[in-house]
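Remarks on the structure that follows.
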Amino acid sequence: MTLSILVTISEVTTLCFICLAASIGNVSLFLIVYKNPNLRTITNMFILNLAAADILVSMLSMPVTIITIVNGCWVFGHTACVVLGYFTMLSFIASVMSLGMIAINRYFYIVKWNTYTINFTKTKALLYAAGVWFVSMSLASPPLLGWAEYRFIPGKSYCFVYWPSNVYFMYFMITVCFFGPLSVMAFSYYNILNFTKNIRIKVSRNNLTPNPRLLETQGVNEMQSKLAPCIVKLDNGCNVNEAEVLETMENKSPLTRFNSHPSGKSKSQKPRLTPDEEKMTNTFLLVLALFIICWAPFAITMFFDVYYPRPLPRPIDTISLLLGYLNSMCNPVLYGMRNSAFKQGFVNLYSWFIPEQFRHRYSGHKVGPQMKTNPRSQDAEETS
């Protein structure tokens, strides 16, 4: 068996595994949300928007790439190449835009919490999700109209934009579709992290130890109406009674929860961020980091395609493409590992394939507040 055949087998095997895992994982996210009405939240809607882009990659781009590698050439004709190139570009742009939309959603939910229910009703969220795809389709269209072109790329065994056909389009796409959304994400997550830090400091200075049970007895509208005036008072020495201060500080944002004994008395004088909220924000940061890590080598090869006079070695092209495809598989794995609601959903979906002792481990697992099965947190607000 020659070396080239071994290389082809290894490429095809790796791609088949990524394709299968990405398809099953991302379709499973839709099934989990469909089967559990309490998971039909605004945040999860944007997660599914990202999953839809990954499904497009795993069920269209990857199988065609596998067939092309096996055949050693493009066998589907010019029109099919243009169509596939368009949908591949569409999925990439939609992924970046969806990550940006998730970051904006988290920013409003945590930092601009007092306007969240106005800006993120379910109707508006559907419009935002549709807007992501409309913008993505528009940005993927210029090569169809003559600005650059979609062409078969032999080194990567698939059809995509042939960047040397128009260098200005390459820079336009990098600026608008990569650095633009990344700037929005950087702004959002920086302010989220800075806000949580300030919350810790402010609550610690006030030495407040609210009773978490208050959170269960107050409606969202009541919390918001009490909170607005007290924020100003707190900054200038709040003169309301202690119970009201404690209640409003507890409900100031979805981030603050406090240690207490079952009796309601404080166990610790130091407040802490809600683990579920902090963990969820960190999960989205991991999703973003993985996206950058997986697609950065591919973006770098774009510049070599334009400015390097000779084709890149096949292994470099292949590895950069495989890393990009791998990103479509990583997101459902992350959600399954880090979010109890999705973890339980995966267990329920595939319980036939999971040993009984592992099934019991996840039964009755505590569910977080946003990607959750308890409707009392964020999405008690999202039903408006």
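If you read the sequence shown in this note's numbering, its first letter stands for residue 419, the second for the next number, and so on. Glycine included, each C-beta is placed from N, C-alpha and C at the ideal position.
- For the set M480, R732 and A566, the Cα lying nearest the Cα of V430 is the one of M480.
- DSSP assignment within the stretch 537–600 yields the following whole beta strand (DSSP E) runs of 3 residues or more, N-terminal first: 568–571 and 576–579.
- V751 and N766 have their C-alpha atoms roughly 15 Å apart.
- Boundaries of the alpha helix (DSSP H) around P750: R732 to R756.
- Around the Cβ of F597, a 10 Å sphere holds fewer than 16 other Cβ atoms; the residue is exposed.
- The beta carbon of G518 sits closer than 7 Å to those of P599, V602 and M603, all from its chain and outside the five residues before and after it, given in chain order.
- According to the DSSP assignment, M507 belongs to the alpha helix (DSSP H) that extends over H496 to I528.
- In the three-state reduction of the DSSP assignment, Y534 falls in the helix class, which pools H, G and I.
- The three-state reading of DSSP puts W492 in coil, since its state is none of H, G, I, E or B.
- Residue environment analysis places M755 among the exposed positions, since fewer than 16 neighbouring C-beta atoms fall within 10 angstroms of its C-beta.
- By a beta-carbon distance limit of 8 Å, V724 does not contact W551. Their separation comes to about 28 Å.
- Judged by DSSP in its simplified three-state form, P455 adopts helix.
- In the assembly as shown, T535 is a buried residue. Its beta-carbon has 16 or more other beta-carbons within 10 Å.
- Counting along the chain, the unbroken alpha helix (DSSP H) around M463 starts and ends at I460 to L474.
- Here Y725 carries a helix assignment [DSSP, helix/strand/coil].
- Short of 7 Å from the beta carbon of G573, and not among the five residues preceding or following it, lie these beta carbons of its own chain, in chain order: P729, L730, R732 and D735.
- Note on I427: under 16 other CB atoms within 10 angstroms of its CB, so exposed under the neighbour-count rule.
- The closest CA to that of Y768, considering only T699, V445 and L421, is found on V445.
- Excluding its 5 nearest sequence neighbours in each direction, Y504 has C-beta neighbours in its own chain below 7 Å: A558, L562 and Y568, listed in chain order.
- In this structure, DSSP gives Y608 a helical state, which the three-state scheme calls helix.
- Taking 9 Å as the cut-off, the beta carbon of A471 is found closer than this to the beta carbon of S509.
- Residue state for T701 is assigned as helix, using DSSP reduced to three classes.
- Contact between the stretch 483–493 and the stretch 513–531 is absent: fewer than 3 CB-CB pairs across the two stretches fall below 8 Å.
- Between F764 and I450 the beta-carbon gap is near 7 Å, inside 8 Å, which marks them as a contact.
- Its Cα nearest to that of V501, the residue L478 stands out among L478, G443, T699 and A512.
- Taking all protein chains shown into account, T497 has fewer than 16 neighbouring C-beta atoms within 10 Å of its C-beta and is therefore exposed.
- Taking C-beta separations shorter than 7 Å and ignoring five residues to either side along the sequence, the partners of S516 in its chain run F464, N467, L468, A471 and V550, following chain order.
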